[in-house]
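Student: I have a structure here, written as structure tokens, and I will follow up with some questions on it.
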Amino acid sequence: MPFKPAPRAALRLSTCLFAAIPLLAAAPALAAPPAATGSTDVAIARIIDEGMNRSEAMTTASALMDRIGPRLTNSENHRKAESWAMEQLRKQGLVNVHAEPFDFGLGWNLDGYAVTMTAPRPLALTAIPVAWSPPTASELRGQVVIAPMSREEHFAEWKGKLAGKIVLVSLPGQTSESKDGVFERYSDAQIAELDSYTKPAFDPEAPGLMVRNRSFQRKLAAFLKAEGALALVKISYRDGKLIHGEGYDFQPGQTLAVPAVELAQEDYRRLVRLARTGAAPELAISIAARFDSTNLRAENVIAEIPGSDPGAGYVMAGAHFDSWIAGDGANDNGAGSVTVIEAARLLAKLGIKPKRTIRFALWSGEEQGLLGSRAYIEQHLASRPIDPALKGIDAYAAWRNAFPIAPKPEYNQLKAYFNMDNGSGRFRGIYTEGNLGAGKLLGEWLAPFAMLGANKLVASKTGGTDHVFLQAIGLPGYQFIQDPLDYETRVHHSNLDTLDHMRADDMRQAAVIMAGMLWQAANSDKELPRAVLPTQPTPTDPFKVRDPAQ
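Numbering-wise (our numbering), the sequence shown opens with residue 19 and increments by one.
If you want it as structure tokens, here you go:
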């Protein structure tokens, strides 16, 4: 569709930024120490100069996404990326660069795949294996059967009917009719809509319901294997030939019961139509995948710029380093990872110590349930009593509702954490996560970047990424408001998640602001106010009655 122009306010902002570049270029080079090393204003001016005029963000991004590519947790690619990242951070002058391991499970490496319709006519289909699918011993061939199943109650209908079949388990649905554009930048009015306080709600049955819903997918795969089915095929959740290959619904690192592929909506519906109007179509499926049990532990990458005051605690920035498999993991979350690496470079190049240590983290296992950041919390900050047998999404559901919380010695040392995981859109401000007392200081730290377009504070919460468990134990973890671009509409987790959908100007701006926020948090005499240490809540609605179908 045609390019959607930015709002006028954004165009005026761009004009201001371009006009300011000559002035920035005239600022002292970062290699020289500032005249007044204690001056926050001078340090921020130098960060802006280096980050806007000599950015390495996109060069770093190309090295990660173009040369290494997708980074499924515990895969060979992820380990290659870890080694590369640690080398980058050491070259930049950071210290204590190391990997912190945590229990995960089997590695899975995908070397190649193909899905072809062989009858009624030959046609290469747009498809991708589901992560942790077992390989096919050779090319697998069989007729399809349309057998939509979304609850265990559906199994009885298909018992005895699936042997030797390739089973299409999704309802075909219909092509979308979206009237909205796929690419968007926030208007001020849209950001204002985010400024609302969400009243806390606690449903003691919700974690169990989430676990039950997720466990169905594992039961489905086991049922198909027991029935002698050849393979499972599910439909992509977006049309436009987008595919994803997510393995959310399975325990991290565990092999699936049968080979499983995701098929583009357009191809899936073609198979359904053919099966309903004549002889069932036939498919050939080939999956060249390798499981790796040599190391069942995944790793987070940690690095530091040491502070001058050992008793002042530390501040932190992080992003998850892992991705799914369909694209190169560029916007989810190579963008956040590159921003963290570039922010570390900008701060290291200042050549002066902050008061507080600045720690950087590249998390692993985020896509399987925030596993890496939770492992860091349990090692350094606090523990919660959950069943150690729970894994992945099951553990995610249980952990944030387990009480009591037991703080560890580092709990009081972490003064601020900044996270990036909403694609590569430019920063527009920050979510205060319902901590109404934090806005004043966060606003002060954002103030130098108002002319870069990042001056908004909103009270609402964000979820689904690595600051969540910090907030859940009362620690100051925050995520930035970012322009949506085409992240949620087509790029997130899809085969389009490549460097082409990363905006260079936005990446420069994000790295500068990330570095500036860290520098101010590391040197401020003030500390972000913390929420209270959470204790067991009472149910918001003690009389709620659930639908048994749930």
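Every residue, glycine too, gets a C-beta built ideally from N, C-alpha and C.
Among the residues of its own chain, which have a CB less than 6 angstroms from the CB of VAL356, if the five just before and after it don't count?
Tutor: ALA75, THR78 and ALA79
Student: When the Cα of GLN386 is compared with those of TYR266, PRO494 and TYR286, which residue comes out closest?
Tutor: Here the closest residue by C-alpha is TYR266.
Student: Leaving out the 5 sequence neighbours to the left and right, which residues in its chain are closer than 7 angstroms to ASP485 when beta-carbon positions are compared?
Tutor: One detail in the question is off: residue 485 reads as His in this sequence, not Asp. So the qualifying residues of the chain are TYR435, ASN437, GLY495, TYR496 and GLN497.
Student: Compute the Euclidean distance between the alpha carbons of PRO222 and LEU399, then round it to the nearest angstrom.
Tutor: Approximately 25 angstroms, taken between the alpha carbons.
Student: Between ASN92 and GLY69, is the Cβ-Cβ spacing less than 7 angstroms?
Tutor: no
Student: Is DSSP giving GLN269 helix, strand or coil here?
Tutor: coil
Student: Thinking just about the alpha-carbon of each residue, which of VAL60, ASP59, LEU260 and LEU82 is nearest to the one in GLU360?
Tutor: LEU82
Student: Mapping DSSP to helix, strand and coil, what is MET167?
Tutor: coil
Student: Would you be able to state if there are at least three C-beta pairs under 8 angstroms between the segment 464 to 475 and the segment 229 to 247?
Tutor: no
Student: What does the alpha-carbon distance come out to for the pair LEU475 and ALA456?
Tutor: 10 angstroms
Student: Please report the Cβ distance between ALA337 and ASN351, rounded to the nearest whole angstrom; I am assuming they are in contact, meaning their Cβ atoms lie under 8 angstroms.
Tutor: The pair is a contact, with the Cβ atoms about 5 angstroms apart (cut-off 8 angstroms).
Student: Identify whether PHE120 lies in helix, strand or coil by the three-state DSSP scheme.
Tutor: strand
Student: Apart from the five residues on each side of it in sequence, which residues of its chain come closer than 7 angstroms, Cβ to Cβ, to GLU280?
Tutor: ALA145, ILE146, VAL148, LYS252, SER254, ILE261, HIS262 and GLY263
Student: In chain order, what residues of the same chain lie with their CB nearer than 6 angstroms to the CB of PHE421, ignoring the 5 residues before and after it?
Tutor: GLN554
Student: For my contact list, GLY441 and ALA353 are in at a C-beta cut-off of 8 angstroms; report their separation, rounded to the angstrom.
Tutor: 6 angstroms
Student: Contact check, ASP412 vs SER382 under 8 angstroms by CB: the rounded distance?
Tutor: SER382 and ASP412 do not touch by the CB rule: their CB atoms are close to 18 angstroms apart, not below 8 angstroms.
Student: Of the choices GLY87, GLN106, ASP59 and ARG85, whose alpha-carbon is the least far from that of ALA362?
Tutor: GLN106
Student: In angstroms, rounded to a whole number, what distance separates the CA positions of GLY325 and THR480?
Tutor: 30 angstroms
Student: What number of angstroms, rounded off, separates the C-alpha of LEU289 from the C-alpha of GLU195?
Tutor: 21 angstroms
Student: Would you report the Cα separation of ALA348 and GLU175, rounded to the nearest angstrom?
Tutor: In a straight line, the C-alpha of ALA348 is about 42 angstroms away from that of GLU175.
Student: So, ARG508 versus LEU514, is the Cβ gap smaller than 7 angstroms?
Tutor: Cβ distance < 7 angstroms, so ARG508 and LEU514 count as in contact.
Student: Alpha carbons only, please: which of MET104, VAL133, MET520 and LYS367 is nearest the one belonging to ASP346?
Tutor: Residue MET520 holds the alpha-carbon nearest to the alpha-carbon of ASP346 among MET104, VAL133, MET520 and LYS367.
Student: So, is VAL276 buried or exposed, given that buried needs 16 or more other C-beta atoms within 10 angstroms?
Tutor: buried
Student: Name, in chain order, the residues that DSSP records as bridge partners for ILE499.
Tutor: GLY447
Student: Between which two residues does the beta strand (DSSP E) containing LEU380 stretch?
Tutor: 375 to 381
Student: For TYR215, count neighbouring Cβ atoms within 10 angstroms of its own Cβ and tell me buried if that reaches 16, exposed if not.
Tutor: So TYR215 ends up on the exposed side.
Student: I'd like to check one pair, ALA540 with VAL358: are the Cβ atoms closer than 7 angstroms?
Tutor: no
Student: Is it true that the CB of PHE122 sits closer than 7 angstroms to the CB of GLY271?
Tutor: yes
Student: Give the DSSP-derived three-state secondary structure of GLN161 in the structure shown.
Tutor: strand
Student: Residue ranges of each beta strand (DSSP E) run of no fewer than 3 residues wholly in the segment 359 to 414, ordered along the chain?
Tutor: 375 to 381
Student: Let me check understanding here. Comparing Cα to Cα, which of ASP501, PRO427, SER73 and VAL187 lies closest to PHE173?
Tutor: Closest by alpha carbon: VAL187.
Student: Could you tell me which residues DSSP puts in a beta bridge with MET70?
Tutor: According to DSSP, which records beta bridges pairwise, MET70 is partnered with nothing at all.
Student: Should PRO20 go down as buried or exposed, given a rule of 16 or more other Cβ atoms within 10 Å for buried?
Tutor: Interpretation of PRO20 is limited by its pLDDT of 38, a score under 50 that renders its predicted location unreliable; no figure is taken from the coordinates.
Student: Does DSSP put ASP129 in a helix, in a strand, or in coil?
Tutor: strand
Student: CB-CB under 7 angstroms to ALA24, same chain, minus the five flanking residues each way: which ones, in chain order?
Tutor: Its pLDDT being 37, under 50, ALA24 is placed unreliably by the model, and the measurement read from it follows with that caveat. Taken in chain order, the residues that qualify are ARG203.
Student: Just curious, the alpha helix (DSSP H) that PHE173 is in, first and last residue?
Tutor: 173 to 176
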